[in-house]
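Protein chains in written order, with the working numbering: chain A, 1 to 273; chain B, 1001 to 1273; chain C, 2001 to 2273; chain D, 3001 to 3273. The beta carbon of each residue, even a glycine, is placed where N, CA and C say it ideally should be. Note that the structure is predicted; figures quoted are calculated from it, not measured. One structure is given below, encoded as structure tokens.
4 protein chains.
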Amino acid sequence: MIKPGQLVMLVSPKGKQYFRVLQPDEILNTNDGQLQMQNVMEKGFGARVYTHLNRPYTVIKPALYDLIKAVKRRTQIIYPKDIGYIVLKLGIAPGSRVIEAGSGSGALTTALAWFTGPQGRVYSFERRPEFAELCRLNLEKTGLESRVEIITQDIDSGFGPENVDALFLDVRTPWECLEHIPQALAPGGPLGFLLPTVNQVSTLLTHLEKGPYSSIEVLEILVRHYKPVPERLRPQDRMIAHTGYLIFARLNLSGDEKAPEVQTDHEEENHIC
Amino acid sequence: MIKPGQLVMLVSPKGKQYFRVLQPDEILNTNDGQLQMQNVMEKGFGARVYTHLNRPYTVIKPALYDLIKAVKRRTQIIYPKDIGYIVLKLGIAPGSRVIEAGSGSGALTTALAWFTGPQGRVYSFERRPEFAELCRLNLEKTGLESRVEIITQDIDSGFGPENVDALFLDVRTPWECLEHIPQALAPGGPLGFLLPTVNQVSTLLTHLEKGPYSSIEVLEILVRHYKPVPERLRPQDRMIAHTGYLIFARLNLSGDEKAPEVQTDHEEENHIC
Amino acid sequence: MIKPGQLVMLVSPKGKQYFRVLQPDEILNTNDGQLQMQNVMEKGFGARVYTHLNRPYTVIKPALYDLIKAVKRRTQIIYPKDIGYIVLKLGIAPGSRVIEAGSGSGALTTALAWFTGPQGRVYSFERRPEFAELCRLNLEKTGLESRVEIITQDIDSGFGPENVDALFLDVRTPWECLEHIPQALAPGGPLGFLLPTVNQVSTLLTHLEKGPYSSIEVLEILVRHYKPVPERLRPQDRMIAHTGYLIFARLNLSGDEKAPEVQTDHEEENHIC
Amino acid sequence: MIKPGQLVMLVSPKGKQYFRVLQPDEILNTNDGQLQMQNVMEKGFGARVYTHLNRPYTVIKPALYDLIKAVKRRTQIIYPKDIGYIVLKLGIAPGSRVIEAGSGSGALTTALAWFTGPQGRVYSFERRPEFAELCRLNLEKTGLESRVEIITQDIDSGFGPENVDALFLDVRTPWECLEHIPQALAPGGPLGFLLPTVNQVSTLLTHLEKGPYSSIEVLEILVRHYKPVPERLRPQDRMIAHTGYLIFARLNLSGDEKAPEVQTDHEEENHIC
Chain A
1 MIKPGQLVML VSPKGKQYFR VLQPDEILNT NDGQLQMQNV MEKGFGARVY THLNRPYTVI
61 KPALYDLIKA VKRRTQIIYP KDIGYIVLKL GIAPGSRVIE AGSGSGALTT ALAWFTGPQG
121 RVYSFERRPE FAELCRLNLE KTGLESRVEI ITQDIDSGFG PENVDALFLD VRTPWECLEH
181 IPQALAPGGP LGFLLPTVNQ VSTLLTHLEK GPYSSIEVLE ILVRHYKPVP ERLRPQDRMI
241 AHTGYLIFAR LNLSGDEKAP EVQTDHEEEN HIC
Chain B
1001 MIKPGQLVML VSPKGKQYFR VLQPDEILNT NDGQLQMQNV MEKGFGARVY THLNRPYTVI
1061 KPALYDLIKA VKRRTQIIYP KDIGYIVLKL GIAPGSRVIE AGSGSGALTT ALAWFTGPQG
1121 RVYSFERRPE FAELCRLNLE KTGLESRVEI ITQDIDSGFG PENVDALFLD VRTPWECLEH
1181 IPQALAPGGP LGFLLPTVNQ VSTLLTHLEK GPYSSIEVLE ILVRHYKPVP ERLRPQDRMI
1241 AHTGYLIFAR LNLSGDEKAP EVQTDHEEEN HIC
Chain C
2001 MIKPGQLVML VSPKGKQYFR VLQPDEILNT NDGQLQMQNV MEKGFGARVY THLNRPYTVI
2061 KPALYDLIKA VKRRTQIIYP KDIGYIVLKL GIAPGSRVIE AGSGSGALTT ALAWFTGPQG
2121 RVYSFERRPE FAELCRLNLE KTGLESRVEI ITQDIDSGFG PENVDALFLD VRTPWECLEH
2181 IPQALAPGGP LGFLLPTVNQ VSTLLTHLEK GPYSSIEVLE ILVRHYKPVP ERLRPQDRMI
2241 AHTGYLIFAR LNLSGDEKAP EVQTDHEEEN HIC
Chain D
3001 MIKPGQLVML VSPKGKQYFR VLQPDEILNT NDGQLQMQNV MEKGFGARVY THLNRPYTVI
3061 KPALYDLIKA VKRRTQIIYP KDIGYIVLKL GIAPGSRVIE AGSGSGALTT ALAWFTGPQG
3121 RVYSFERRPE FAELCRLNLE KTGLESRVEI ITQDIDSGFG PENVDALFLD VRTPWECLEH
3181 IPQALAPGGP LGFLLPTVNQ VSTLLTHLEK GPYSSIEVLE ILVRHYKPVP ERLRPQDRMI
3241 AHTGYLIFAR LNLSGDEKAP EVQTDHEEEN HIC
């Protein structure tokens, strides 16, 4: 039994996926005929259900990774390898309030909404209406739209929400809106950036150094896939070599005092990764 | 104002950190004198508070990354780079029920408890009592212990909890307990493994191939830190080159049918990372 | 002025390359008409010369990298990133005598012939006649064939040449011919292997450990290209993630004594790379 | 039998290495007593020879890798992983004439002298007399000094040698001497640079784009070592994450025409690495 309101992923014989927030009385029109969601609800996760044309569909409880993979995109999305790390560094938790800009296709938005949960709030800024709309559609598909406020507006003149727990900027010239961050982010709060070129990273660092920011870090994450053949195990021939550089910092405390550098007993943990 | 019951990180002038679930009437004994938690509560995040010896402590709302970094360890911990990716692939969300083994020092346990939230449940198996105890202490320090059931028991004879949403094994010979997974994990559910050597990966793959598992993936994640100097930007001289290989799979559906391979429109997304 | 007998690379308007060992009286037939090599000789490197149809060809003194890139291949070739390192570890120098197997398309053969020079000697074993022929054609194209003896023969029953300076095996099961190496390689001499899978590496190590070999090393080399745009500098989106693992060792001394591990004053040089 | 004039590496029981160009009548004073080089010559490579205090020394024919590892350094040296690639891209061969600046401790100088052989010529510029001297000592130790002309002079006012085959710059601000390269390097000839920071790479690219240079490439090379244990094969825990970025280009042809981009049939070979 699946509870109404829960997210399900229905996978066609050809691998096409449909995401649905379960409504027992809904009928899903697929390329292979109609699916009774009542039937999906009763059979439960891991089951096969059949369309009125007798084609088998698989009922899966999707992981966040599946949602991100299914994001319809017209922009470069932020990848799972980066999203996972961002979420840890920004301290996103059930109930968090967080700002991001820009929304883009909504891959990071999806993850933020996923982890902040129904008690949390994601403020997602996107100045281009067509991407704001795309982000909204991607969120609706997975039932996460109620957790997100998409604000179709430039961030040059500030954010609006105050005292949020974390803030992430995936915009071309993030240094132009640094001045507005202290009004939006809680003192001592974490913030992050994604930038594709070293020139942008260098410019951002120049601005961050002027404060009120501390604990500045720059890093990149690489994922290397292997061919999962036990007797001929080896990396895939090709890999994605670059998506972007991640930059993290903390907003200084009230009164512009720097947040303290945290001591660690474990020398080798200085670069815990 | 910080609400009672919320987690705070108090950082000493020397960078030593104390984690506390806020109780207004508590007095924290530090190396620098006593701190009134009532005072911490009133001043709020981002503030400086003073001990009775007039030493300044900083009040920080910790990110998950801070918690993991602060885990007292007597084992190799799972690193943030890996944890972030694991959490996405396993679909951990507020309310999830998840099994892990072994607990070790509790770094992944902390993350699972963090993301599953108060409505979720983490079943953490650890056969060595001293590590079970260490894991418990680490969880208590950050107030997450109520979300976790630490089970000081070998997993050779099975798990106990049933129909969990996800399962992760960080044990030396995970193939020895594969047979118990179908009784514990929901059909179609995601599972993951961390293994340090290629020989272990190869052995695990041999066993996974026998089923009932599909969508098998092997990968590794590398993080490269940069020296954050804007006018002399360059990678750090050294990096951590290996923590372990990550292996992911899905339990087959009820009746041993394979979960379908999901189709993707974007050829280049086959290896979304 | 280019001296007769020197290697020239002639590049067509469309980028097609012709390699020629310069003979002043030769006429080169190209897709764009005839080129007088006398003219090439007189104009020299860096010049444009014209075919009888008045099409411009560029005269380039090719680097080894160009030769390897131009190798006609019907096998996976060894890549420059690996070749450069192999040559340093094996101590290839003008005058060296070296064994390799198998020849494959001849990329490493080309490099070995290049560096050993006219006084050196490369013994290249290839059991498949069609690849031996391909290797020969590639060497002839660049005028290096006189330095190489291609031996169309399996190495299961031994090599033949004795006391060579170095030995490299790019074959599927190199452990099957380890027993023949002491008769071929000078005592204390360096040997190397390229293997694509971790299983092969593991098997080879098992055999090497039985001796008479020491100073065993396993490594892999990654090259990451950047988009050379000064104001938007960033890595290429994709990279080659794997060609093969390199394994190096030294044959023990006469009388099966291990070659000594060399001490280094510089702690940080233990892994000079 | 080793021929007089050949380079030998003598390794002490503790792993200390002595390099000597063999002179039969020489006596080597070691920490373990005197070694008769006549004896070394007669015993040959791979043998053990004994000091007058009866301590065993091993006679090894060193590889270039050994020479580079033994370079006494007071600067950051260029590493084998980079040297091997540089040599292929620059087309260094027996007989090559090549310019490098600065000499530093002489690691690349050693490699260039090694591969150009007795018929070649390395012009090595170093403005700091103490490093010029260090480079000279390192070359003398391995008998390569006769192939190298160390020029203790800044390159701001030009090089001197003309029409060399290749040129490599490992200096802080290479763009300041770009103007002198056309007078030194043969038309169409290859040149390379090593720079540690992205800012330097960006500045260099800006200058290279102004010409007369083409075929500009930027890349970095990573080496990852494995623990060579067959039944527990895994990468080393740590690796060197950065030495420097390599930049390569070709000098345009006579008359400032660009050297042609070479066509390749193999699409996947565009980034042969």
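Counting C-beta neighbours from all protein chains within 10 Å, is the total for arginine 3234 of chain D 16 or more, i.e. buried, or is it exposed? Numbered from its first residue, the fourth sequence carries residue 3234 of chain D at position 234. So arginine 3234 of chain D counts as buried.
If you count every other CB in all the chains shown that lies within 10 Å of the CB of leucine 1251 of chain B, and 16 or more means buried, which is it? For this step, residue 1251 of chain B is matched to residue 251 along the second sequence. It is buried - the Cβ of leucine 1251 of chain B has at least 16 other Cβ atoms within 10 Å.
Which residues share a DSSP beta bridge with leucine 2195 of chain C? For the purposes of this step, residue 2195 of chain C is identified with residue 195 of the third sequence, where counting begins at 1. BP columns for leucine 2195 of chain C point to C/Tyr2245.
Thinking just about the alpha-carbon of each residue, which of A/Ile92, A/His207, A/Arg128 is nearest to the one in glycine 120 of chain A? Translated into positions along the first sequence, residue 120 of chain A becomes position 120. That would be A/Ile92, whose Cα lies nearest to the Cα of glycine 120 of chain A.
Tell me the rounded alpha-carbon separation between glycine 15 of chain A and alanine 63 of chain A. What you label residue 15 of chain A is simply residue 15 of the first sequence in a count that begins at 1. What you label residue 63 of chain A is simply residue 63 of the first sequence in a count that begins at 1. Linking glycine 15 of chain A to alanine 63 of chain A through their CA atoms gives a straight-line distance of about 16 Å.
In chain A, what lies closer than 7 Å to proline 1228 of chain B by C-beta? In the second sequence, the residue the question calls residue 1228 of chain B occupies position 228. What proline 1228 of chain B touches in chain A: Leu205, Ile216, Glu217, Val218.
Tell me where the beta strand (DSSP E) around glutamate 133 of chain A begins and ends. Your numbering for residue 133 of chain A matches position 133 in the first sequence. Premise fails: glutamate 133 of chain A lies in the alpha helix (DSSP H), 129-141, not in any beta strand (DSSP E).
Rounded to whole angstroms, what is the Cα-Cα separation between histidine 2280 of chain C and threonine 2075 of chain C? As displayed, chain C neither begins before 2001 nor continues past 2273, which places residue 2280 of chain C out of reach and without an answer.
State the DSSP-derived secondary structure class of tyrosine 3065 of chain D, mapped to helix, strand or coil. One-based indexing of the fourth sequence puts residue 3065 of chain D at position 65. Tyrosine 3065 of chain D: helix per DSSP, three-state reduction.
In chain B, which residues lie with their C-beta within 8 Å of the C-beta of glutamate 3162 of chain D? Walking along the fourth sequence from the start, residue 3162 of chain D turns up at place 162. Against chain B, the beta carbon of glutamate 3162 of chain D has no neighbour under 8 Å; the closest one sits roughly 35 Å away.
Test item: CB-CB of glycine 2117 of chain C and glycine 2102 of chain C under 8 Å: For the purposes of this step, residue 2117 of chain C is taken as the residue at position 117 of the third sequence. For the purposes of this step, residue 2102 of chain C is taken as the residue at position 102 of the third sequence. Against a cut-off of 8 Å, the Cβ pair of glycine 2102 of chain C and glycine 2117 of chain C comes out as no contact.
In chain D, what lies closer than 7 Å to tyrosine 2079 of chain C by C-beta? Here residue 2079 of chain C is taken as the residue at index 79 of the third sequence, counted from 1. Within 7 Å Cβ-Cβ: Ile3272, Cys3273.
Contact belief for valine 2223 of chain C with lysine 2081 of chain C at Cβ below 8 Å, rounded distance in angstroms: One-based indexing of the third sequence puts residue 2223 of chain C at position 223. One-based indexing of the third sequence puts residue 2081 of chain C at position 81. So it is a contact: roughly 5 Å between Cβ atoms.
Output yes or no for whether 8 Å exceeds the beta carbon distance between proline 1004 of chain B and glutamine 1023 of chain B. The residue you call residue 1004 of chain B lines up with position 4 of the second sequence. The residue you call residue 1023 of chain B lines up with position 23 of the second sequence. Taking 8 Å as the cut-off, the beta carbon of proline 1004 of chain B is found closer than this to the beta carbon of glutamine 1023 of chain B.
Residues in the region 1033-1058 of chain B with C-beta within 7 Å of chain A's C-beta atoms, listed in sequence order? Those residues of the region 1033-1058 of chain B that come within reach of chain A (Cβ to Cβ, closer than 7 Å) are Phe1045, Gly1046, Ala1047, Arg1048, Thr1058.
Proximity test, Cβ basis, 8 Å: asparagine 3252 of chain D and chain F: Here chain F cannot be found, since the structure's protein chains are A, B, C and D.
Output, in chain order, the set of chain C residues within a Cβ distance shorter than 7 Å of arginine 232 of chain A. Walking along the first sequence from the start, residue 232 of chain A turns up at place 232. At a C-beta separation below 7 Å, arginine 232 of chain A has these neighbours in chain C: Thr2197, Asn2199.
For lysine 2227 of chain C, which residues from the same chain have a beta carbon less than 8 Å from its beta carbon, with the 5 sequence-adjacent residues on both sides left out? On the third sequence, position 227 is the one that residue 2227 of chain C refers to. Cβ neighbours of lysine 2227 of chain C within its own chain (closer than 8 Å, five residues either side excluded): Leu2233, Arg2234, Pro2235, Gln2236.
Considering only the beta carbon of each residue, do isoleucine 2 of chain A and valine 49 of chain A sit closer than 8 Å? Counted from its first residue, the first sequence places residue 2 of chain A at position 2. Counted from its first residue, the first sequence places residue 49 of chain A at position 49. Judged by beta-carbon spacing, valine 49 of chain A lies beyond the 8 Å limit of isoleucine 2 of chain A, meaning their Cβ atoms are not closer than that value.
With 16 other Cβ atoms within 10 Å as the buried cut-off, status of glutamate 268 of chain A: Translated into the one-based positions of the first sequence, residue 268 of chain A becomes position 268. Since pLDDT at glutamate 268 of chain A reaches only 46, below the 50 mark, its modelled position is unreliable, and the value read off the structure follows with that caveat. When all chains shown are included, glutamate 268 of chain A counts as exposed.
Would you be able to state if there are at least three C-beta pairs under 8 Å between the region 3162-3179 of chain D and the region 3135-3144 of chain D? Result no; under three Cβ-Cβ pairs closer than 8 Å.
Using 8 Å as the Cβ pair cut-off and three pairs as the minimum, do the region 195-213 of chain A and the region 162-182 of chain A touch? Yes, the region 195-213 of chain A is in contact with the region 162-182 of chain A.
Cβ-based burial, leucine 1191 of chain B [other Cβ within 10 Å; buried from 16]: As a first step, residue 1191 of chain B is located in the second sequence; it is residue number 191 there, counting from the start. Looking at its Cβ environment, which holds 16 or more other Cβ atoms inside 10 Å, leucine 1191 of chain B is buried.
Would arginine 46 of chain A and glycine 1143 of chain B be called neighbours here (beta carbons separated by less than 8 Å)? As a working mapping, residue 46 of chain A is identified with position 46 in the first sequence. As a working mapping, residue 1143 of chain B is identified with position 143 in the second sequence. This sequence places glycine at residue 46 of chain A; arginine is not what is there. Against a cut-off of 8 Å, the Cβ pair of glycine 1143 of chain B and glycine 46 of chain A comes out as no contact.
What would DSSP say about lysine 1227 of chain B, mapped onto helix, strand or coil? Counting from one through the second sequence, the residue named residue 1227 of chain B turns up at place 227. Note: lysine 1227 of chain B maps to strand in three-state DSSP.
Output, in chain order, the set of chain B residues within a Cβ distance shorter than 7 Å of glutamate 261 of chain A. Here residue 261 of chain A corresponds to residue number 261 of the first sequence, with the count starting at 1. Chain-ordered, the chain B residues with CB closer than 7 Å to the CB of glutamate 261 of chain A read Gly1015.
Residues of its chain near threonine 3051 of chain D, where Cβ-Cβ distance is below 8 Å and the 5 sequence neighbours each way are ignored: Here the question's residue 3051 of chain D lines up with position 51 in the fourth sequence. Contacts found: Thr3030, Asp3032, Gly3033, Gln3034, Leu3035, Tyr3057.
Proximal chain A residues relative to isoleucine 2240 of chain C, where beta-carbon distance stays under 7 Å: Residue numbering aside, residue 2240 of chain C sits at position 240 when the third sequence is read from its first letter. Under the 7 Å cutoff, chain A gives Asp237, Arg238.
Give the DSSP bridge partners of phenylalanine 2274 of chain C, in chain order. Absent from the model: residue 2274 of chain C. The displayed extent of chain C is 2001 to 2273, so no value can be given.
Using a beta-carbon distance cut-off of less than 9 Å, what residues from the region 1142-1174 of chain B approach chain D? Residues: none.
Outcome for histidine 1266 of chain B when other beta-carbon atoms lying within 10 angstroms are tallied against a minimum of 16: Taking the second sequence and counting its residues from 1, the one referred to as residue 1266 of chain B is at position 266. Caution applies to histidine 1266 of chain B, whose pLDDT of 47 falls short of 50 and renders its modelled position unreliable; the model cannot decide the point.
DSSP beta-bridge partners for valine 1071 of chain B? As a first step, residue 1071 of chain B must be located in the second sequence, where it is residue number 71. DSSP links valine 1071 of chain B through a beta bridge to no other residue.
Which class does glutamine 3285 of chain D belong to by DSSP, given the choice of helix, strand or coil? Because residue 3285 of chain D is not part of the residues shown, which for chain D are 3001 to 3273, the question remains open.
Could you please give me the residues that DSSP links to alanine 2093 of chain C through a beta bridge? Looking up residue 2093 of chain C in the third sequence gives position 93. Bridge partners of alanine 2093 of chain C: none, in fact.
Please confirm if arginine 1224 of chain B has its CB atom under 8 Å from at least one CB of chain D. In the second sequence, counting from the first residue as 1, residue 1224 of chain B sits at position 224. When Cβ-Cβ separations below 8 Å define contact, arginine 1224 of chain B makes contact with chain D.
Could you check how far apart the C-beta atoms of isoleucine 2078 of chain C and alanine 2107 of chain C are, in whole angstroms? I think they sit under 8 Å. One-based indexing of the third sequence puts residue 2078 of chain C at position 78. One-based indexing of the third sequence puts residue 2107 of chain C at position 107. Separation of the CB atoms of isoleucine 2078 of chain C and alanine 2107 of chain C is rounded to 5 Å, and the pair is thereby assigned contact status at 8 Å.
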